[in-house]
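In the working numbering, the protein residues as written are 25 to 673. The C-beta atom is built at its ideal place from N, Cα and C for all residues, glycine as well. This one's a predicted model, so the numbers in the text were calculated from it and none came from an experiment. These notes are about the structure you will find just below.
Shown next as structure tokens:
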């Protein structure tokens, strides 16, 4: 941008065409195309006519003609910039991290491109191979045989296909891309998703998956496509799409995904309101924004993000003052996202993917976050499990006794010694507390995700993409078997330590209650156990008393004798029940009275309104009834059915 803008300023193009300031980026694009053609038109007349027709439809012909009129001055300005910068080509004027040696391969046709197969649209591998055969492309067995007419399936990233950049255009214009069978995506963007799928399969983790930040819609589609094939994996929850949420959702639906497979949120992960599915997530793929100092193809990344020109402009600008504050914001965003993810109670594993070669964004960032999460867990566990001693009784035996100064000094020394001893005891108790490994995190390696020794390890750093793996020292699997064990440990199925007693060892309840009453004064009962009273168990309930009282006329004296209770001739009542009934009746009566008052007031208001209208309208007759809204009964039946006004109001 700086080179093109400097060229336009030196040639005084903006002084003559100030009206094109609003379309500045279009001017840059056409100027870049013109310098690529060495400021000359095409020799073929057919191409010139097709170009003119396309530019007329896009309303670009006026800008094209303006640049063509200034082509001599523009070419001279570019030459002066090259001479001043000792650059043989225009690419040598780019920033160091964007040049061919370490950055974007602008013209290298031998570079490797990649894309993933959408198995929701084309589920059979043979069908994909047949579609590629229609383009005269055949699968290769290894990277060495990869040529201009071959492609190869990636050995690390599932469903990913690698090919030469020369055949990208051939694939792009085919039906594979137009029907969403094949989606272009840079390989380094897929490494984090491949690592996550390995973790779910090999570590047997289940539950929803969280994506903290969206890299691109194609990246979300690739990750969701991998999770669809795993039964244990839950729904993908993608956060941070912002105002582009609708575009992301429509793109996912075009690829064949439904709300059951993926759900997109506009809110940031740290600021999203918590809900049950979010709290049950066990795996997090953290992809916060970074400096992208290690990205291999910036243009491909911006195209994958839907033509994110703001990202392209920020990555290619080095002299802007606002760029000096950007690293601080990036580090703060990365730190807050990782801290929030590792402090979630159910999160067992986190994969950190960032395109940077700076230690402050890679290894140092993870070490800082792990120390923070472990400190939080240790403090919380210590606070909950520290056993403090009960304070000793330091009150004097007699408040009236007079102490000498010597006695006071001795008492203060004894208090200070006892206080130091208590602190030492407390510190020893804290030192003995050991935080369980299930609450602590550690920095692991990608080799821990391999299924066996023959598996290819996912590289932790490749082409500027850094992958970090953070997991708990002791991981828990929230499957059905684990939940059953938790329920058993908490005694939901009964105390597993208690053994069933034989009938010979069991004693009558009455004898046990008598023994408890006899030894109650000598020995205190254990906390949590209560004496069982046989009289309380055999006491009649209130419903039973009402039933017996209702049938007292047909009861015989022999029934009272057999039941063991004497009922008498009077009807029994429960005081507690009577109070509750009386309270309910008083509440209902007051509520009905208040309702009637409000209904009467409302009736008079409506009647007054109608009366005023009827006084002015001779054809209207007064006939109004007010009914109950629930029963439709007439609450206040009026005796007057018709009112005729002779005078004026």
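- When 404, 202 and 231 are compared, the shortest CA-CA separation from residue 373 is found for 231.
- Ranked by Cα distance from residue 475, the options 178, 63, 42 and 222 are led by 222.
- In the DSSP annotation of this structure, the continuous segment of the beta strand (DSSP E) that includes residue 233 starts and ends at 231-235.
- In summary, residue 217 is buried, with 16 or more beta-carbon neighbours lying within 10 Å of its beta-carbon over all protein chains present.
- The shortest CA-to-CA distance from residue 500 to any of 458, 257 and 369 is the one to 369.
- The C-alpha of residue 165 lies about 15 Å from the C-alpha of residue 149.
- Going by C-alpha positions, residue 179 is about 10 Å away from residue 186.
- Straight across, the Cα-Cα distance linking residue 469 with residue 112 is about 44 Å.
- In this structure residue 377 touches residue 311 by the C-beta definition: roughly 5 Å separates them, less than 8 Å.
- Where residue 490 is concerned, the enclosing beta strand (DSSP E) starts and stops at 489-496.
- C-alpha of residue 190 to C-alpha of residue 172: approximately 7 Å in a straight line.
- With fewer than 16 other beta carbons inside 10 angstroms of its own, residue 298 counts as exposed.
- Residue 293 sits in coil when the DSSP states are folded into three classes, being neither helix nor strand.
- Residue pairing by DSSP places residue 59 opposite no residue, since no beta bridge is assigned to it.
- Inclusion of residue 238 and residue 264 in the CB contact set at 8 Å is warranted, their separation being smaller than that value.
- Following the DSSP letters along the chain, one finds residue 184 inside the beta strand (DSSP E) bounded by residues 184-188.
- Cβ-Cβ distances below 6 Å link residue 85 to 79 in the same chain, with the five nearest sequence neighbours on each side left out; the list follows chain order.
- For residue 268 and residue 290, the gap between their C-alpha atoms comes out near 8 Å.
- Here residue 299 carries a coil assignment [DSSP, helix/strand/coil].
- CA-CA distance, residue 211 to residue 276, rounds to 20 Å.
- Comparing C-alpha distances from residue 55 to each of 473, 283 and 102 shows the shortest one belongs to 102.
- Among the bridge pairs identified by DSSP, residue 374 is matched with 308 and 494.
- In the pairwise beta carbon analysis, the segment 65-75 is classified as not touching the segment 29-42: fewer than three pairs are separated by under 8 Å.
- Taking the CA atoms as reference points, residue 620 sits about 18 Å from residue 608.
- As DSSP reads the structure, residue 485 sits in a beta bridge with 490.
- If you draw a straight line from the Cα of residue 162 to the Cα of residue 28, it is about 42 Å long.
- The beta-carbon separation of residue 91 and residue 58, rounded to 6 Å, stays under the 8 Å limit for a contact.
- In the three-state DSSP reduction, residue 201 falls in the helix class (H, G or I).
- Residue 284 sits in coil when the DSSP states are folded into three classes, being neither helix nor strand.
- Rounded to whole angstroms, the gap between the alpha carbons of residue 33 and residue 145 is 50 Å.
- Taking all protein chains shown into account, residue 383 has fewer than 16 neighbouring C-beta atoms within 10 Å of its C-beta and is therefore exposed.
- Of the candidates 335, 227, 203 and 136, the residue whose Cα lies closest to the Cα of residue 184 is 136.
- The C-alpha of residue 508 is placed about 53 Å away from the C-alpha of residue 338.
- With contacts defined by Cβ atoms closer than 8 Å, residue 385 and residue 315 form a contacting pair.
- Per DSSP, residue 257 lies in no alpha helix (DSSP H) segment; the continuous beta strand (DSSP E) that holds it begins and ends at 257-262.
- Residue state for residue 360 is assigned as helix, using DSSP reduced to three classes.
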